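All remarks here apply to the structure that follows.
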Amino acid sequence: MADSKLSELTAATSVAAADTFYLVQSSTSKGVTAANLFADVATPVSFSDKVSIADADTVTGPGAVSVTTNVTRLTNPSTGGTLTIAAGTEGQLKIIVMDGNSSAVTLTLDDSDLGHDTITFNNKGDTATLIYTNSKWWLIGGTATVAN
Numbered sequence: 005m006a007d008s009k010l011s012e013l014t015a016a017t018s019v020a021a022a023d024t025f026y027l028v029q030s031s032t033s034k035g036v037t038a039a040n041l042f043a044d045v046a047t048p049v050s051f052s053d054k055v056s057i058a059d060a061d062t063v064t065g066p067g068a069v070s071v072t073t074n075v076t077r078l079t080n081p082s083t084g085g086t087l088t089i090a091a092g093t094e095g096q097l098k099i100i101v102m103d104g105n106s107s108a109v110t111l112t113l114d115d116s117d118l119g120h121d122t123i124t125f126n127n128k129g130d131t132a133t134l135i136y137t138n139s140k141w142w143l144i145g146g147t148a149t150v151a152n
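Just so we're aligned, residue 5 is where the sequence shown starts under our numbering, counting upward by one.
Below, the structure written as structure tokens:
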């Protein structure tokens, strides 16, 4: 492999966080993992195609909203009730979508200084986009009902 040209290598169809890339930095050959390469991209990023938000879970009743997935679908909650959400990581985004409705559910937030402690999902199509910063989840958009 040491005698191969980069253009002759087999193309990868996916990349894992631990995969290593070849890098020349200040005339020195180095390796960098995909995780380190993309950890702190300090340059503007643009996309010329669609951006897909993957990694979703489904909630069917009162309980906890996952902070380990990007999207939570509220699908026909069997009973109304309260949703909770644990602390996230700084800058984390969370999207919640009610994609089927048989009962309303309410997400309780700890941000009374903003005057919107609860987000109620009453109807199919109700959404909420949250960001976690300064040790709190903040609502930054959506169509669900917001109240104090």
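Backbone N, C-alpha and C fix where the C-beta goes; we use that ideal spot for every residue, glycine too. Bear in mind that the values here come from a model prediction, so they are computed numbers and not experimental data.
Buried versus exposed, by CB contacts within 10 Å (16 or more), residue i
i, result
"Phe51", "exposed"
Check whether residue i and residue j have beta carbons under 7 Å apart
i, j, result
"Gly95", "Thr79", "no"
"Lys98", "Leu134", "yes"
"Thr131", "Ser107", "no"
"Val101", "Pro81", "no"
"Thr76", "Asp61", "yes"
"Ala21", "Ala38", "yes"
"Thr93", "Pro66", "no"
Host beta strand (DSSP E) of residue i (start-end)
i, result
"Phe42", "Unbroken run through Phe42 is the alpha helix (DSSP H), 38–43; no beta strand (DSSP E)."
"Lys98", "97–104"
"Val49", "Val49 -> no beta strand (DSSP E), and no H or E assigned at all."
"Gly92", "Unbroken run through Gly92: none, as it is neither H nor E."
"Ala151", "149–151"
"Ile144", "140–146"
Identity of the residue in the options nearest residue i by Cα
i, options, result
"Val71", "Trp141, Leu41, Thr149", "Trp141"
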